[in-house]
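Note sheet for the following structure.
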Amino acid sequence: MTSDLSITIAGIKFKNPILTASGTCGYGEELAEVFDLSLLGGIVTKSITVKPREGHPPPRTAETEGGMLNAIGLANVGVDKFIEEKLKFLEPFETRVVVNVAGAAIKEYVEISARLADCPRADMVELNFSCPNVAEGMTIAGSAALAERAVREVKAVFPRPVMAKLSPNVTDIGEIARACEAGGADALSLINTLVGMAVDIKSYRPRLTNNTGGLSGPAIKPVALAAVYKVSRAVKLPLIGIGGIIDYRDVIEFMLCGASAVQIGTSLFVEPDAPIKIIKDLKKYLSENKLGAVKELIGKLRPY
Amino acid sequence: MSKIVIENLAIINKKEVGSGYFLLTLGFFSKTGTIKAGQFVHIRLPRSNIYFRRAFSIYDYNPGNKTIDLLFRVLGRGTAALAAMSPGETLDVLGPLGNGFKFPNKNETVLMAAGGIGMPPIYLLARQMVQKGFDPSRIFFFYGGQTKNDLVEISRIRKLKTRLYPATDNGSYGFKGLLTEAISSVINGKEARYRIFACGPEGMLKALDQFGRTEQIPGQLSLEAPMPCGIGVCLGCILPLRAGGYTRVCREGPVYDIGEVLL
Chain R
70 MTSDLSITIA
80 GIKFKNPILT
90 ASGTCGYGEE
100 LAEVFDLSLL
110 GGIVTKSITV
120 KPREGHPPPR
130 TAETEGGMLN
140 AIGLANVGVD
150 KFIEEKLKFL
160 EPFETRVVVN
170 VAGAAIKEYV
180 EISARLADCP
190 RADMVELNFS
200 CPNVAEGMTI
210 AGSAALAERA
220 VREVKAVFPR
230 PVMAKLSPNV
240 TDIGEIARAC
250 EAGGADALSL
260 INTLVGMAVD
270 IKSYRPRLTN
280 NTGGLSGPAI
290 KPVALAAVYK
300 VSRAVKLPLI
310 GIGGIIDYRD
320 VIEFMLCGAS
330 AVQIGTSLFV
340 EPDAPIKIIK
350 DLKKYLSENK
360 LGAVKELIGK
370 LRPY
Chain D
90 MSKIVIENLA
100 IINKKEVGSG
110 YFLLTLGFFS
120 KTGTIKAGQF
130 VHIRLPRSNI
140 YFRRAFSIYD
150 YNPGNKTIDL
160 LFRVLGRGTA
170 ALAAMSPGET
180 LDVLGPLGNG
190 FKFPNKNETV
200 LMAAGGIGMP
210 PIYLLARQMV
220 QKGFDPSRIF
230 FFYGGQTKND
240 LVEISRIRKL
250 KTRLYPATDN
260 GSYGFKGLLT
270 EAISSVINGK
280 EARYRIFACG
290 PEGMLKALDQ
300 FGRTEQIPGQ
310 LSLEAPMPCG
320 IGVCLGCILP
330 LRAGGYTRVC
340 REGPVYDIGE
350 VLL
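First to last, the sequence lines map onto chains R and D. FYI, in this note's numbering the residues of the first sequence are 70 to 373. FYI, in this note's numbering the residues of the second sequence are 90 to 352.
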């Protein structure tokens with residue numbers, strides 16, 4: 070019996086529920102030297118902004134217990150070069166391309182999404198609402214009203230599904246999720262990194278030039294699972310789980326908690342071929358457990 | 090399209106070649122034929138809770154014997170975990186990674202500067218050059234350390250028959266003082282066409298970068314930066330370029346022309 074690994078999210082069929090997370094796989098060029106990108110359910114490209122950005126000065130990553138901190142500062146090639154070169158590179162691969170979009174104001178998310186509307190290779194956009202210092206004065210991720218408005222305005226210009234990426238650095242992630250749903254989001258991905266810090270006790274300096282950064286890796290998986298569980302009860306939208314996934318068991322945990330698919334992030338830095346192993350192991354798990362389709366796992370948690 | 094390969098390589102031998110210095114011999118890659126001096130491997134550390142891989146320059150290799158040598162000094166948790174491994178165990182190795190050194194022209198005199206545990210890629214470059222017929226008497230090999238005990242594996246360098254100039258900070262062996270001072274004392278006005286190759290501590294590389302630019306001696310430096318992924322996706326191991334912008338040490342480097350990176 071061959072098990073069906075495919076998943077459909079917002080009308081888009083993914084060949085399996087394994088995507089690579091934004092900011093951990095560039096635009097796919099390097100990972101394509103490790104494995105065939107066509108094996109992936111999808112690739113979520115690095116956040117793009119209107120203009121190219123160099124990012125923060127080094128050091129901008131720091132290893133921590135069970136994970137890492139990063140404050141890359143949205144280094145990216147800008148939307149023009151992204152469309153001309155990077156999206157073109159991804160053209161031949163038989164995988165879904167989700168383009169992560171970031172901005173310093175809602176109008177920038179709209180501007181980039183409008184450009185991507187004419188690029189059919191961009192199957193979906195994912196809105197990174199965690200950027201600090203946006204024109205509206207706070208992160209969009211932290212404001213239900215801004216998140217709803219941003220999603221609505223992007224939906225007006227982008228004809229394919231729009232996904233909002235939720236930050237865990239909020240009082241009530243369920244409230245932000247409901248606001249995105251009200252704004253017309255087709256899916257939600259969660260979680261982005263947790264704000265964290267590390268200090269060098271010799272120099273009294275933070276270990277990142279940005280002082281604080283985003284924590285990722287296995288250390289954050291329990292937080293991510295709880296967020297997926299909570300949001301799955303707050304909205305009807307399909308969810309893509311992110312946070313510390315290293316193997317197929319983690320994927321199953323996320324799916325049981327309500328995720329339709331997952332993104333593999335920081336694990337790629339340690340095992341660049343992790344997604345391929347996970348896909349293989351997931352297939353084996355399904356057949357060993359006589360499950361006909363991976364989608365049967367979604368939300369099957371038996372909570373107390 | 091080039092291929093990035095991950096392999097499990099057996100540890101064939103482990104030898105402490107100096108206090109805190111280890112020579113680790115691994116099995117050879119099955120999917121990769123050649124190694125360029127200056128390239129590195131990115132190794133997972135089993136039996137530890139260390140999350141990231143650690144990068145090590147390739148010290149030597151022998152496709153005939155099917156071996157790769159790594160030489161490292163125990164300086165932190167990662168190197169301590171590697172030193173605790175035993176022959177018979179296997180390591181998860183990503184590589185060879187990085188660009189490697191460009192060979193000099195045959196009419197040049199080469200100034201090689203190997204500072205402490207920065208020695209391995211410089212040795213490999215010298216070894217490959219000599220093997221390809223480069224006159225070893227035109228290689229001035231400066232090997233510096235804090236004390237005589239830090240000049241490990243000097244006998245292997247001697248076998249290349251280069252002009253070897255050991256130097257120690259405290260004068261316990263060879264020239265007393267910094268490698269840059271040793272180099273200045275040896276080079277001979279504008280008589281020869283020199284080229285520098287260097288790997289070592291930050292201060293030494295900075296001084297050589299300055300020296301090369303002032304004396305208009307071209308060359309290459311092997312640089313390092315804390316390196317999470319090793320394949321260019323995390324954007325962590327960046328250094329600023331003199332021309333502006335950043336470079337990824339793991340991908341565009343780790344070897345750069347003198348003057349290219351803002352040190």
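No residue lacks a Cβ here, since even glycine has one placed at the ideal position from N, Cα and C.
R/Ile333 is positioned such that its CB atom lies no closer than 8 Å to that of R/Thr71. Using beta-carbon distances, R/Glu132 counts as an interface residue toward chain D, with a partner under 8 Å. For D/Val130, not one C-beta of chain R is nearer than 8 Å to its own C-beta. Closer than 9 Å at the C-beta level to chain D, one finds these residues of the segment 333-353 of chain R: Thr335, Leu337, Phe338, Val339, Glu340, Pro341 and Asp342.
Here DSSP, grouped into helix, strand and coil, assigns R/Val320 to helix. At a cut-off of 8 Å between beta-carbon atoms, D/Arg282 makes no contact with chain R. Among the bridge pairs identified by DSSP, D/Thr179 is matched with D/Ala99. Partner residues in the beta bridge of D/Tyr232, as assigned by DSSP, are D/Ala203 and D/Pro255. The beta carbon of R/Glu177 is closer than 6 Å to those of Val119 in its chain, skipping five residues each way along the sequence.
For the segment 125-149 of chain D, the residues whose beta carbon sits under 9 Å from a beta carbon of chain R are, in order, Arg133, Asn138, Ile139, Tyr140, Phe141 and Arg142.
Cα atoms of D/Arg284 and D/Asn102: separation of roughly 35 Å, rounded to the nearest angstrom. Inside the segment 124-176 of chain R, DSSP marks whole beta strand (DSSP E) runs of 3 or more residues at positions 130-133, 136-139 and 165-170, from first to last along the chain. Between R/Pro228 and the set R/Val146, R/Leu235 and R/Val220, the nearest pair of CA atoms involves R/Val220.
Scanning chain R for C-beta atoms nearer than 7 Å to the C-beta of D/Ala314 yields Pro127, reported in chain order. For the C-beta of D/Lys92, the chain R residues within less than 7 Å are, from N- to C-terminus, Glu102. Interface residue (Cβ-Cβ distance to chain D less than 8 Å): R/Ala216 is not classified as such.
With respect to the 8 Å criterion, R/Gly124 and R/Phe83 are not classified as neighbours on the basis of their beta carbons.
Interface flag for D/Tyr345 against chain R is unset, since no Cβ pair is found closer than 8 Å. In terms of Cα proximity to D/Pro193, the closest of D/Lys92, D/Phe286, D/Ile95 and D/Glu341 is D/Phe286.
Residue environment: R/Ile270 is assigned as exposed (fewer than 16 neighbouring CB atoms within 10 Å of its CB, all protein chains considered). In this structure, DSSP gives D/Asp149 an extended state, which the three-state scheme calls strand. The Cβ-Cβ distance between D/Leu180 and D/Ile132 falls below 8 Å. In the DSSP assignment, D/Ser311 is bridged to D/Cys288 and D/Val344. A Cβ-Cβ separation of about 5 Å places D/Ala144 in contact with D/Met316 under the 8 Å criterion. Only Ala314, Pro315, Pro317, Cys318, Ile320, Gly321, Val322, Cys323, Leu324 and Gly325 from the segment 302-326 of chain D bring a Cβ to less than 7 Å from some Cβ of chain R.
The segment 153-168 of chain R and the segment 125-142 of chain R do not touch, with fewer than 3 CB-CB distances between them shorter than 8 Å.
D/Phe118 and D/Val94 have their alpha carbons spaced roughly 9 Å apart. DSSP places D/Val94 in the coil class of the three-state scheme, outside both helix and strand. Counting only the Cα atoms, R/Ile311 lies some 7 Å from R/Ser258.
The residues Val231 and Gly253, in chain order, have a CB closer than 6 Å to that of R/Lys224 in the same chain once the five nearest residues on each side in sequence are set aside. It is roughly 8 Å from the alpha-carbon of D/Arg166 to the alpha-carbon of D/Ile139.
The criterion of a C-beta distance shorter than 8 Å is not satisfied by R/Gly265 and R/Gly286.
A straight line joining the alpha-carbon of R/Gly368 with that of R/Val268 spans about 39 Å. Per DSSP, reduced to three states, the secondary structure at R/Val194 is strand.
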